[in-house]
Structure formats: C-alpha cells, structure tokens
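K.L.:
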Amino acid sequence: MLTAAVQSVLAQTYRQFEIIIVDDGSTDETGRVADALAAAHPERIRVCHVANGGPGAARETGRLSAQGEFIQYLDSDDRLLPEKFAVQVDALQQHPECGIAYGRTRLVDENDDVLASPYKWSGESRDTLFPGLLVDRWWNTHTPLYRRQVCDAVGSWATMRMAEDWQYDARMGALGTKLVHCNVDVSEHRQHSQDRLTGGQLSRSALQDFSKLIPALYDCARQAGVPPDAAEMHHFIRWTFSLSRQLGHSGLPVEAMHCFDTARQAAEAARAITLDMRVYQMVARFIGWEAAGRLNTHETILDASVTAMQSLRTSSEAASLQCEKIVLLGESGQLCIRIFPFAHVIAFAAEHGLTVCNPGFAEYASEFEGSRCGMILTYPLRIDPTPPAWIKRLTQRAMRWQHRLLRRLAPSAFVSVEESEEYCLDDNENLRSFVHPTMYLRGLYLIDRSSFAKHQETVRAYFEPRRETQQSVDTCVATARQHGDIIVGVHVRQGDYQTHFHGLLYYESEEYAELMQDVVTLFPGRRVRFIVCSNVAQPVETFAEFSWQPGPGSAVGDLYTLAACDYIIGAASTYSQWASFYGNVPRYVHNKKVNEHFGHETPPAPETATQPAHQLDTHFALIDHHPPVVSAVVAARNEEQVIEPSVRSLLNQTLRDIEIIVVNDGSTDRTAEILSQLQADDARLRVLSTTGIGLTRALILGCQQARGTFIARHDADDFSAPTRFEKQVKALESNGDAVLATSWIEEINNEGDLLSETRNVQYNLAGPDGKPLTLQGIPAHGTTMFRREAYEQAGGYSPEFYFAQDCDLWLRLHHLGGVVVVEEFLYQRVTRLDSISVASQQFQAEFARISQECFRRRLSGKDEAPQRKEAEALRERVLTEPKPRQTAAERATAFLLIGARIGSANPSLARSYYTQALRECPYHLRTWRRLLMHLFLEAFTTRVTGG
1 MLTAAVQSVL
11 AQTYRQFEII
21 IVDDGSTDET
31 GRVADALAAA
41 HPERIRVCHV
51 ANGGPGAARE
61 TGRLSAQGEF
71 IQYLDSDDRL
81 LPEKFAVQVD
91 ALQQHPECGI
101 AYGRTRLVDE
111 NDDVLASPYK
121 WSGESRDTLF
131 PGLLVDRWWN
141 THTPLYRRQV
151 CDAVGSWATM
161 RMAEDWQYDA
171 RMGALGTKLV
181 HCNVDVSEHR
191 QHSQDRLTGG
201 QLSRSALQDF
211 SKLIPALYDC
221 ARQAGVPPDA
231 AEMHHFIRWT
241 FSLSRQLGHS
251 GLPVEAMHCF
261 DTARQAAEAA
271 RAITLDMRVY
281 QMVARFIGWE
291 AAGRLNTHET
301 ILDASVTAMQ
311 SLRTSSEAAS
321 LQCEKIVLLG
331 ESGQLCIRIF
341 PFAHVIAFAA
351 EHGLTVCNPG
361 FAEYASEFEG
371 SRCGMILTYP
381 LRIDPTPPAW
391 IKRLTQRAMR
401 WQHRLLRRLA
411 PSAFVSVEES
421 EEYCLDDNEN
431 LRSFVHPTMY
441 LRGLYLIDRS
451 SFAKHQETVR
461 AYFEPRRETQ
471 QSVDTCVATA
481 RQHGDIIVGV
491 HVRQGDYQTH
501 FHGLLYYESE
511 EYAELMQDVV
521 TLFPGRRVRF
531 IVCSNVAQPV
541 ETFAEFSWQP
551 GPGSAVGDLY
561 TLAACDYIIG
571 AASTYSQWAS
581 FYGNVPRYVH
591 NKKVNEHFGH
601 ETPPAPETAT
611 QPAHQLDTHF
621 ALIDHHPPVV
631 SAVVAARNEE
641 QVIEPSVRSL
651 LNQTLRDIEI
661 IVVNDGSTDR
671 TAEILSQLQA
681 DDARLRVLST
691 TGIGLTRALI
701 LGCQQARGTF
711 IARHDADDFS
721 APTRFEKQVK
731 ALESNGDAVL
741 ATSWIEEINN
751 EGDLLSETRN
761 VQYNLAGPDG
771 KPLTLQGIPA
781 HGTTMFRREA
791 YEQAGGYSPE
801 FYFAQDCDLW
811 LRLHHLGGVV
821 VVEEFLYQRV
831 TRLDSISVAS
841 QQFQAEFARI
851 SQECFRRRLS
861 GKDEAPQRKE
871 AEALRERVLT
881 EPKPRQTAAE
891 RATAFLLIGA
901 RIGSANPSLA
911 RSYYTQALRE
921 CPYHLRTWRR
931 LLMHLFLEAF
941 TTRVTGG
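When we follow UniProt numbering, the leftmost residue of the sequence shown carries the number 1, and every step to the right adds one.
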C-alpha cells in the first residue's frame, strides 16, 4: 500500500515537490519498503523512522521536516490523482486570501471499483470549515492542500489516535481559514473490509479520544462564530448527548459527565435543552453516569416515557422542534421487503442527523454483524450486551403497547402509508409539516433516492452479514471460483411465487435451465459456474448439463452469496435486487411471462435501490441497466510482459462506466492466462480469443462486440492516463460536430524513459484538384476515441488494410465530422526495437498511400474499388512473403531513429542510443554523422551556458 501511495505522488504532473515518509514504528516490512523507495528516488524522498506514536504524532514529525510552501498529508493506503497538486496549487495562487484548497474525493474498494463519488461533502463548494465540521469531518485527510503558514499558525497535531484530524481541521476553522474548491477529482480514499466495523461501534480508547474532541470542537465552533441556534449546532447537541450515554455504557463515567456538560452548555446557549436531557442528567446524578448509560442504551421505560411526554406537547410548543427520531412500525413482508424501507430511512437519517428505531425488524437483527446485540434495532448502532430472549420479547411487547397508547394520545405523530403508495422522505413539504420530535412511520415504499445514493456505504455497513454467514458465503464462492471463470448466481423463486402476482413471476426449474443455457452461449470458450439459490429444493437432474452448485441454504447466506457473484439472473424480486445493490453486481430480470401477459415489453419500474450500470444481452429484460459509456478495444498477441499493466491502466480509469474488450489473437505465451486472472477480478473486462487473424481483423471483431456510446482504442503494450476516457468523452460531448477525439502522447522506452513528446499532428494531402489539403492528424492509433455510431456509419475498419488501417478509418470518418484534440498528455506509447522495421515501414507507406488515394476519390465522387483491390493484393503480399530477420544495420537504424526522436530533450539518453547503434553496426555512417553532430551541439551548448 505504501508503494502505491508514493507512486501516486511521484505521478503528479506538478513536479516541484518533496516526499517525507514517516515510519511510525512499523513492525512489518514498511520501514524497509520506505528505505527502498528513498534509495530509488533520493532527490525527492526522505524517510523519518520514529517510535510508534499514532497518526497525529507521525504527521507532526512530517510537518516539522517539511520545507515546501504547501503541505499535503497522505495516509499510506490512500492515493492522490495525478492532477491534484497542479490544480490545487494553481487555485491557491489564484486566491491568495484562501489557506486551503480542496477537491473531490472518491471512495474506492480494494479492487479499485468506485463506491461513491464524490465522497462525503468533497463535491460541495464551501467557503469555511464551520459549521459543517459540527456534523462531520466532511473531507478526508488527503483531500485538502494546506498553505504552510496556515499549518504553522494552527500548531502541532494532537497525539490522539482517533479524530486527531477532525480536531486539527477544527482549529483551522477557528482561525477563520478560507477555502477554495476545485471541482475535479483529486484523491481516492480506500475502503478496506475492516472499515465496515464502524458505524457507531467504537473501541474504549476511540471513545476516550472522541470525548477529547467534543469540547475542542465546540470551542472552535464558537470562535468561528457559529450561531448557537444553527441547525448544525442542534445536530452537534444531539450527537454529543448520544456520545455521553455511550461513554457511560462503556465504563467511562468521567468522560461521560464532561461530554454531557458540553451538550448541556451548547443546548442552553441555543435554548434547546430538551426534557430527555434533563431527565437523563437527574438519573445520572442519582445512580451514576455509568449506570445511567447502561440503563439508557436499552430503550427502557425512561426513554419511552420521555418520548411519550415529548409527543404529547402541544403544536405550538413543538413547532420550533425538528424531527429528531423515526420509529418504524409494521412487520409485514419477508426479509428484503423489510430491508429496503429500513435502508432508505437509515440513509435519510444519516443525511439529516436523525436516529432510527425499528422494533419490527427484530426477528432478522441477529443475522447481521452490527445489529445482533441489543434489544431494539437502532441507527446509529449501539454496543449493547446481548440480553436474554425473554427480555427482548418483553421489551418489544411493551413498545407495541406504548405505540398504541401514543396513537390515541398524539395521532399527528403517526404517518401511515398504504402498502402500494410511495412516500418520499426527502419531500421538504412533508418535513415542514411535521412538528413532533419523534415520527412513527409505517409503509413499504419509503424512499429517499438522493440520500440512499450518497450514503450507500453506510447502508451496506449496517447490513453486513454476521461472521458465520460470511464464512459460509466465502467458502461457497471460493469453491465456485475453482470451477469457473465467470460466476452467475441464479435466484430460483418458487413456492409462494405460484400465486403471487397471478403466477406471472413463477417459472419451472426447466425454464431456469433454459435461461442458464442462454447465459452459457454468451460466453463462448469461458467456464461458466452457476450458484443456484432457491427457496425450494431443486432436482439435480434438471441442471445436470451445467457446472453448478447450490448456495449455502439459508435465506441470508443465499442472499449474500448472490451478492458475491459476477452476475445475477432470475425473476423479479427484492431479494435479488438487494443482492445486486449490496455487491454492486449486474442483475438481469426474466420477465417473459409478464411481457406475454401484457403484450409488450414491461417498462422498468421505479427502483428502491441504486443499481450497477452493466448489460449482458437482450435475452433479459433489464431493470435500471444501460450500456457502458465507453468500450475500449485492445488487440493483443504474445504480450505477456506488458499486458497486465497496460490493461490495468484502463481498469483504473476515473470514468468507471466502461467495458474493456481484449482480443487475444492467437497468443502462444502467458497472455491468455494473465487476461483470465484480470477478468476474474473485474467483470468489466471481456476477452475474445482468435487464431492469429491479424491486428485489423481483431479490431473489427472487438468493435463489433462493443456496446458503448464511444469506442476507445488502446494498444496492448501502451498506457492510458487515468483521466483519459473522462476527458475525451467530455471533449466529444461538448463538441457535437466532432466524431473523433485524440490527445497528446509521450513516447517512452521499455524502462519508462521519456523519448519524445508529440502534440498536434497535421495531415498534408493533395486534394482531388491537386491543391494542398490540411487535416487534423492523429498522434497515435491508441490515443483515439470515436463515436460508435459514426464508426458504423463509416463502415468500420477495412479488412483489406493490414497496415495503416487507422489512417484509412480516420480519413473516412473525416466525411462525417471533425477531430477534437485534448491538449494534455493522456497516452504513453512504448517504442520497442522490434516495432521499428524497415520492411514494415515500406508496407505501411504503401497502405497509407492507398488510403489517401481512396480519400481523394471519395471527395471527387469516384469509385474507390480499384484501390481496395490494390490494398487486398498488398495484404496478401504481407502475409505470404517471408519476413526476413532484422539485420545489424536495421537494428542500428532503429537505435538511431530512437536517439533522433530524443534529441536535445535528453542528451545523455540520446547519446546512449547512438552508442547502441554503433555497437550493432560499427560502420553505420548515418549514426556516426548524427553522433558527431550531437556531441558538437552538446559541447557548444555547454560552452555557451557556462555549464
């Protein structure tokens, strides 16, 4: 992880930086890795080895060692995007009144899949840190770039091990530091599996650190001038009160008392001290803060009585209060019917700082890791010891009676929604019209799509399956991976589906087998493994022709097994819908009977969860799926040395809605094996296998399979910058007349040394009337992205062109629209000696001449068939003529050409290529002439500059 983080800094386009690695008492290989990085980059990297003191102390060591005008903090498991320094330094230079620049951060998982973008509030433009810091630390440590003088004014980092960064930013906010927002992606925050253990379950030491944060946060907010009655301050009060109770429950009575004092002080200043706070303080003083914390976390009579008394207030008294808590009522429906409304309410609560209580979900609470403790399922989660079952039942029964009583006394506190009706939680009118502090809500379709999309990781973390279930899921999926390249989860819903919705969603096992056969045909040459998850035992002989296995067998185990597959197929169901959302897996809904019954394709129904944007085939009716934006087409043959980093440069694109089609054209090395491993890690990669049909025809096959709005080319031994697709798509979308986008390129060698740079290229052709014609050229084939519709209209690649197939296509696309150039270096082309051949250059020149003659004939309205026949004959020559081995003179010419490309940009590197050329062929006169001229110019330049 450290190496990746450092590499993300070394890749910055803004080059004036130093890197200080602080090894915080590591006991693994981190220290050695840091030293190795410093040895590899001594001019940029310094390493400080210190005793373990936590992140705050480590960052303080780095701050004191830093010499730059700006300071960037970065954790070893996160990454910066290449343009971060350039964008944020420019922003701070343009806005000298601002002390911090920040941009958008995106949340990624361990496979680099984007989970949320922008993450937290990093996509919002804010002028100051407060009052937002009272609600959350709304960016990540790596998001901002600080001016050095602001860091010096704030002083040293706190030695806390948790929330030290929150406190650091609060002190900056107290100084009134101004912010400037850069509306671009600048960093990636990596979510690991252990991150899901958050969500309220803090350790004892972490709670102690938060107890230190609270008073500091409140003092800084007051210094920053946050009004006492601000909405963010009200949120802070409720959160601090909740934290006080959690501190007491965790056996930290002194910290609990101090935290409560801060909440009470803030509430009194806001004139918002509530009855439950007064009652809690009285109880805590009587029985002790620790006992009060344990008592309160069980939602006992104390909490119920306070809730009842608040609900009985008159409308005039409650009008000034906002809804602080939602209690979900109702126990209808099976597991996922209950999960979806609960999940949307949780997202709504996370967005608005509310608490949620859902007694009706109790029967499923034990199935999830974070909610299996405690008597009443709540959000945020509480760390309650597991009570006896009889206490749970008694408490739940008491709450039902309490709700019935309150419904009689305060009916306006209850909102009941018909089961077929949708209730939008984010409807501002609903919120304004509700005057009680607690809302009792019943309904199946409780919706807040915007909050759900924003807080989907919070929702996933809340519903993480318990460890035993996850272990069974992992075992099942691992077995499937041993027998298949692609894992498809089949949700077979029978039993109750025979009568549900008039039986239109019910399918016999044989019909599911037909569906599975359709899937197999979509992946020729691939091993498809099915995991069949069903609520009814399935006959083994029905699926005998397939490679398949059953799921774990439990409702939750099968659900999360589907979520771990590459694809999900089956009838319409909230069960598979939740699995699709949780695992971010494409879901394909079989609606054959519904379509036949209604006589038309059923339009997608409104979803209650976000869905991944993938498409498998038109055999399936899709719910909320669409083709990718970009299809990247790559042809590869015997590229085992470079194919993995080359393809990963595509998988790591900032534009995530893509597919990558690699045509493995008869490779005899490990290329196929490497591609298979990459495909297992990322379902966006599709591999097609052919038997040596050549580059042009491999590209034709790849483009035929493309489904994206745009097709991007990429050569198998080259590298695309992470933002390439995003920027080229924007360029085409903002230039409606353009059909093709390209960019500047860097030529590099196998070691990554920069050989040359190519910016704008012009085609100078003779027009049909003999007059010169200048067209916008393409620096390299792999830099291009074109509209798929235009590609198909132009006829695609011409199979006759063995070489110069790109030139022929660009000239035919010219008749349909223009070329837009993204003036940035978004592509690196690797120059290899075997790619520079005198024989192939001669053939390339011939094919280029033919393509230009075809272009002229089209402009003049003449038939180009004769030229096409000439190209076909030339292709036959290429295929049939023996390929001579490269002579020493040709190898010397190749080294000479590379050295000439480098020229004065890197004199020492150019000189080394001339030397290599003379080693290959000592009597190569062109190289001697070039070398002598190079040495003369180098000596003359040194003499003139006085170097």
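Using N, Cα and C, we set each Cβ at its ideal position, and we do this for glycine too. The structure presented is a predicted model; accordingly, all values stated were derived computationally and were not measured.
To the nearest angstrom, report how far apart Val-739 and Gln-776 are at their CA atoms.
P.N.:
On the sequence shown, residue 739 is found 739 positions in, with the first residue counted as 1. On the sequence shown, residue 776 is found 776 positions in, with the first residue counted as 1. Taking the straight line joining both Cα atoms gives about 12 Å.
K.L.:
What is the DSSP secondary structure of Arg-787, reduced to helix, strand or coil?
P.N.:
On the sequence shown, residue 787 is found 787 positions in, with the first residue counted as 1. Strand, per DSSP.
K.L.:
To the nearest angstrom, report how far apart His-95 and Ala-698 are at their CA atoms.
P.N.:
Taking the first residue of the sequence shown as position 1, residue 95 is located at position 95. Taking the first residue of the sequence shown as position 1, residue 698 is located at position 698. For His-95 and Ala-698, the distance between alpha carbons rounds to 51 Å.
K.L.:
From the DSSP output, in three-state form, read off Phe-530 for me.
P.N.:
Along the sequence shown, read from residue 1 onward, the residue named residue 530 stands at position 530. Three-state DSSP puts Phe-530 in a strand.
K.L.:
Give me the Cα-Cα distance between Arg-856 and Pro-882, rounded to the nearest whole angstrom.
P.N.:
Taking the sequence shown and counting its residues from 1, one reaches residue 856 at position 856. Taking the sequence shown and counting its residues from 1, one reaches residue 882 at position 882. Arg-856 and Pro-882: Cα-Cα distance of roughly 33 Å.
K.L.:
I'd like the list of long-range same chain contacts for Trp-289, defined as Cβ closer than 7 Å, with 5 residues on each side in sequence excluded.
P.N.:
Locating residue 289 in the sequence shown gives position 289, counting from the first residue. The residues are Gly-248, Pro-253, Ala-256, Met-257.
K.L.:
Mapping the DSSP letters down to three states, classify Phe-17 as helix, strand or coil.
P.N.:
The sequence position of residue 17 within the sequence shown is 17, counting from 1. Reduced to three states, the DSSP call for Phe-17 is coil.
K.L.:
Run the CB neighbour count on Met-516, radius 10 Å, all protein chains shown included, and call it buried at 16 or more, exposed below.
P.N.:
The residue given as residue 516 occupies position 516 in the sequence shown. That one is buried.
K.L.:
Quick check on the burial criterion: 16 or more other C-beta atoms within 10 angstroms. Buried or exposed for Phe-710?
P.N.:
What you label residue 710 is simply residue 710 of the sequence shown in a count that begins at 1. Flag for Phe-710 reads buried.
K.L.:
Give me the Cβ distance between Ala-900 and Arg-930, rounded to the nearest whole Å; I'm assuming they're in contact under 8 Å.
P.N.:
As a working note, residue 900 is residue 900 in the sequence shown. As a working note, residue 930 is residue 930 in the sequence shown. That belief holds up - the Cβ atoms of Ala-900 and Arg-930 are roughly 6 Å apart, short of 8 Å.
K.L.:
Any idea what DSSP makes of Phe-70, helix, strand or coil?
P.N.:
As a working note, residue 70 is residue 70 in the sequence shown. Strand at Phe-70.
K.L.:
Name the two residues that bound the continuous alpha helix (DSSP H) containing Phe-85.
P.N.:
Numbered from its first residue, the sequence shown carries residue 85 at position 85. Residues 84-94.
K.L.:
Just the Cα atoms here: how many angstroms apart are Leu-328 and Val-459?
P.N.:
The residue labelled residue 328 in the question sits at position 328 within the sequence shown. The residue labelled residue 459 in the question sits at position 459 within the sequence shown. Those two C-alpha atoms are separated by around 16 Å.
K.L.:
Counting beta carbon pairs with one atom in the segment 640-656 and one in the segment 664-671, are three or more of them shorter than 8 Å?
P.N.:
Yes, since at least three Cβ pairs between the segment 664-671 and the segment 640-656 fall closer than 8 Å, the two stretches touch.
K.L.:
What does Glu-746 pair with, by DSSP beta-bridge criteria?
P.N.:
In the sequence shown, residue 746 corresponds to position 746, counting from 1. DSSP, once it has assigned bridges, lists Glu-757, Gln-828 as partnering Glu-746.
K.L.:
Could you spell out the range, first to last residue, of the beta strand (DSSP E) harbouring Glu-890?
P.N.:
Locating residue 890 in the sequence shown gives position 890, where the first residue counts as 1. No beta strand (DSSP E) contains Glu-890, which is instead part of the alpha helix (DSSP H) from 888-902.
K.L.:
Assuming Gly-570 and Val-492 form a contact by the criterion Cβ under 8 Å, report the distance between their Cβ atoms to the nearest whole angstrom.
P.N.:
Reading the sequence shown from its first residue, position 570 is the one you call residue 570. Reading the sequence shown from its first residue, position 492 is the one you call residue 492. Gly-570 to Val-492, Cβ: 7 Å. Contact.
K.L.:
Please confirm whether Val-488 and Phe-543 have their CB atoms less than 8 Å apart.
P.N.:
Translated into positions along the sequence shown, residue 488 becomes position 488. Translated into positions along the sequence shown, residue 543 becomes position 543. Not a contact, by the Cβ cut-off of 8 Å.
K.L.:
What residue range does the alpha helix (DSSP H) around Glu-872 cover?
P.N.:
Within the sequence shown, residue 872 is the residue found at index 872, counting from 1. 865-880 is the span of the alpha helix (DSSP H), which, as asked, contains Glu-872.
K.L.:
With C-beta atoms as the reference, is Tyr-560 less than 8 Å away from Gln-470?
P.N.:
Taking the first residue of the sequence shown as position 1, residue 560 is located at position 560. Taking the first residue of the sequence shown as position 1, residue 470 is located at position 470. For Tyr-560 and Gln-470, yes; Cβs fall inside 8 Å.
K.L.:
For Leu-896, I'd like the list of residues in its chain whose CB is within less than 8 Å of its CB, leaving aside the five on either flank, ordered along the chain.
P.N.:
Residue mapping note: residue 896 aligns to position 896 of the sequence shown, counting from 1. Closer than 8 Å at Cβ, skipping near neighbours: Tyr-913, Tyr-914, Ala-917, His-924, Arg-926, Thr-927, Arg-930.
K.L.:
Taking buried to mean at least 16 other C-beta atoms within 10 Å of its own C-beta, is Asn-183 buried or exposed?
P.N.:
As a first step, residue 183 is located in the sequence shown; it is residue number 183 there, counting from the start. It counts as exposed.
K.L.:
Where does Asn-140 land, buried or exposed, given buried means 16+ other C-beta within 10 angstroms?
P.N.:
Taking the first residue of the sequence shown as position 1, residue 140 is located at position 140. Asn-140 is buried by the Cβ-count criterion.
K.L.:
What is the DSSP secondary structure of Trp-548, reduced to helix, strand or coil?
P.N.:
As a first step, residue 548 must be located in the sequence shown, where it is residue number 548. Three-state result, Trp-548: strand.
K.L.:
Taking Ala-871 as the reference, which of Gln-805, Glu-823, Ile-568, Arg-467 has the closest Cα?
P.N.:
Here residue 871 corresponds to residue number 871 of the sequence shown, with the count starting at 1. Ranking the options by Cα distance to Ala-871, first place goes to Gln-805.
K.L.:
Given a threshold of 16 other Cβ atoms within 10 Å of its Cβ, counted over all protein chains shown, does residue 977 qualify as buried or as exposed?
P.N.:
A query on residue 977 cannot be resolved here, the shown segment of the chain reaching from 1 to 947 and no further.
K.L.:
To the nearest whole angstrom, what separates the beta carbons of Leu-826 and Lys-727, a pair I think is in contact under 8 Å?
P.N.:
As a working note, residue 826 is residue 826 in the sequence shown. As a working note, residue 727 is residue 727 in the sequence shown. Rounded, the Cβ-Cβ distance is 7 Å, consistent with contact.
K.L.:
If distances are taken between C-alpha atoms only, which option among Ile-778, Asn-591, Ala-349, Phe-342 comes closest to Trp-239?
P.N.:
Mapped onto the sequence shown, residue 239 falls at position 239. Cα-wise, what sits closest to Trp-239 is Ala-349.
K.L.:
Can you tell me whether DSSP reads Lys-120 as helix, strand or coil?
P.N.:
Numbered from 1 along the sequence shown, position 120 holds the residue referred to as residue 120. In this structure, Lys-120 counts as coil in the three-state DSSP scheme.
K.L.:
Mind checking His-298: buried by the 16 CB within 10 Å criterion, or exposed?
P.N.:
Numbered from 1 along the sequence shown, position 298 holds the residue referred to as residue 298. Annotation note: pLDDT 38 at His-298 (below 50); position unreliable, coordinate value reported separately. So His-298 ends up on the buried side.
K.L.:
Beta-carbon within less than 8 Å of Gly-495's beta-carbon, same chain only, minus the 5 sequence neighbours each way: which residues are those?
P.N.:
To locate residue 495, count along the sequence shown from 1; it is residue 495. Excluding residues within five positions, the ones whose Cβ falls inside 8 Å are Asn-535, Val-536.
K.L.:
Which residues in the same chain have their Cβ closer than 7 Å to the Cβ of Gly-525, if we skip the five residues on either side of it in sequence?
P.N.:
The sequence position of residue 525 within the sequence shown is 525, counting from 1. Ser-689.
K.L.:
Buried or exposed: Pro-519, going by 16 or more other Cβ atoms within 10 Å of its Cβ?
P.N.:
In the sequence shown, counting from the first residue as 1, residue 519 sits at position 519. It should be noted that the sequence gives Val, not Pro, for residue 519. So Val-519 counts as buried.
K.L.:
Tell me, which residues are paired with His-181 by DSSP?
P.N.:
Taking the sequence shown and counting its residues from 1, one reaches residue 181 at position 181. DSSP output for His-181 lists Tyr-102 as bridge partner(s).
K.L.:
By alpha-carbon positions, which one of Leu-2, Val-687, Arg-15 ends up nearest to Arg-32?
P.N.:
Reading the sequence shown from its first residue, position 32 is the one you call residue 32. The shortest Cα separation from Arg-32 among Leu-2, Val-687, Arg-15 belongs to Leu-2.
K.L.:
What number of angstroms, rounded off, separates the C-alpha of Glu-232 from the C-alpha of Glu-268?
P.N.:
Residue 232 sits at position 232 when you count from the first residue of the sequence shown. Residue 268 sits at position 268 when you count from the first residue of the sequence shown. So the two alpha carbons sit approximately 15 Å from each other.
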